[in-house]
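**Student:**
In the working numbering, the protein residues as written are 31 to 250.
#1: Can you give me the Cβ contacts of residue 152 inside the same chain, cut-off strictly under 7 Å, excluding the 5 residues immediately before and after it?
#2: Between residue 201 and the rest of its own chain, which residues show a CB-CB distance below 6 Å, the 5 nearest in sequence each way excluded?
#3: Go ahead and pull the three-state DSSP assignment for residue 226.
#4: On a CA-only basis, which of 119, 108, 136 and 175 is nearest residue 142? Give me that one, please.
#5: Runs of 4 residues minimum, wholly inside the segment 166-224: which ones carry the alpha helix (DSSP H) assignment?
#6: Alpha helix (DSSP H) containing residue 160: first to last residue?
#7: Let me know if residue 160 comes out buried or exposed under the rule of 16 or more other beta-carbons within 10 Å of its beta-carbon.
#8: According to the neighbour-count rule (16 or more other Cβ atoms, all chains shown, within 10 Å of its Cβ), is residue 237 buried or exposed?
#9: Report the rounded CA-to-CA distance for residue 233 versus residue 247, giving the unit in angstroms.
#10: For residue 124, which of helix, strand or coil comes out of DSSP?
#11: Quick one: grab the DSSP three-state call for residue 238.
#12: Residues in its own chain within less than 6 Å of residue 199 by CB, not counting five upstream and five downstream?
#13: Which residue or residues does DSSP assign as beta-bridge partners of residue 144?
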């Protein structure tokens, strides 16, 4: 009876392994020739986070509708929103992107939002700046369409410490093509300076071909 039970367990394990291995291989990195490489995750309609994304949109999970920068405001709050616009790239209107903060010397401070998942390699500027650091960022999958992204920053860095007052920059990058491939240009990119300090600031920028509805406010 014990031997029969063990044999049954071995058969069940072998059967499960036969199913699991193809599933595991199917989940590996997709090549450019694989159409699934730019296919958004099931349930992501580009209008916001899915239920599964919302559950992992804090801490170090992988765009959602916006990031908070982690925890309660330390010395003020930055609010920023922007709508990306398709440039008819190879995979348009599907797009991946990131929003992050640096200081005036372009030293990385914190990522606020990333919508890319396994395709982050094509966010050339964000990767170079952040090393793919997503602590406290809202993160998610490729977007099926272009939407408004609304994020906020509480003035802290990735260690949770308040950044000193001074000039900082909001960076936004997105792409609709394989920007990291040889001969391909990086995707559209914009920056906007603001001053973290005791004075309030509010800025509305004119629209550009790739970015519209840009609004920033700093509330001490």
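Just so you know, even glycine gets a beta-carbon here, dropped at the ideal spot from N, CA and C.
**Tutor:** Let me spell this out:
#1: Sequence index remark: in the chain shown, residue 152 carries index 122 (1-based). Around residue 152: 126, 205, 208, 209 and 210.
#2: Here residue 201 refers to the residue found at position 171 when the chain shown is read from its first residue. In its chain, beyond the 5 residues on either side, 130 and 221 have a beta carbon closer than 6 Å to the beta carbon of residue 201.
#3: The sequence position of residue 226 within the chain shown is 196, counting from 1. Strand, per DSSP.
#4: Position 112 of the chain shown, counting from 1, holds the residue named residue 142. When 119, 108, 136 and 175 are compared, the shortest CA-CA separation from residue 142 is found for 108.
#5: The DSSP assignment places no complete alpha helix (DSSP H) segment of no fewer than 4 residues inside the segment 166-224.
#6: Counting from one through the chain shown, the residue named residue 160 turns up at place 130. Start and end: 154-160.
#7: If you number the chain shown from 1, residue 160 lands on position 130. Looking at its Cβ environment, which holds 16 or more other Cβ atoms inside 10 Å, residue 160 is buried.
#8: Within the chain shown, the letter at position 207 stands for residue 237. Answer is exposed; the Cβ neighbour count stays below 16.
#9: Translated into the one-based positions of the chain shown, residue 233 becomes position 203. Translated into the one-based positions of the chain shown, residue 247 becomes position 217. As the crow flies, the alpha-carbon of residue 233 is around 6 Å from that of residue 247.
#10: Your numbering for residue 124 matches position 94 in the chain shown. Three-state DSSP puts residue 124 in coil, outside helix and strand.
#11: Here residue 238 is taken as the residue at index 208 of the chain shown, counted from 1. In the displayed model, residue 238 falls within coil according to three-state DSSP, outside both helix and strand.
#12: Locating residue 199 in the chain shown gives position 169, counting from the first residue. Closer than 6 Å at Cβ, skipping near neighbours: 132, 221 and 223.
#13: Position 114 of the chain shown, counted from the start, is the residue given in the question as residue 144. Its beta-bridge partners are 128 and 169.
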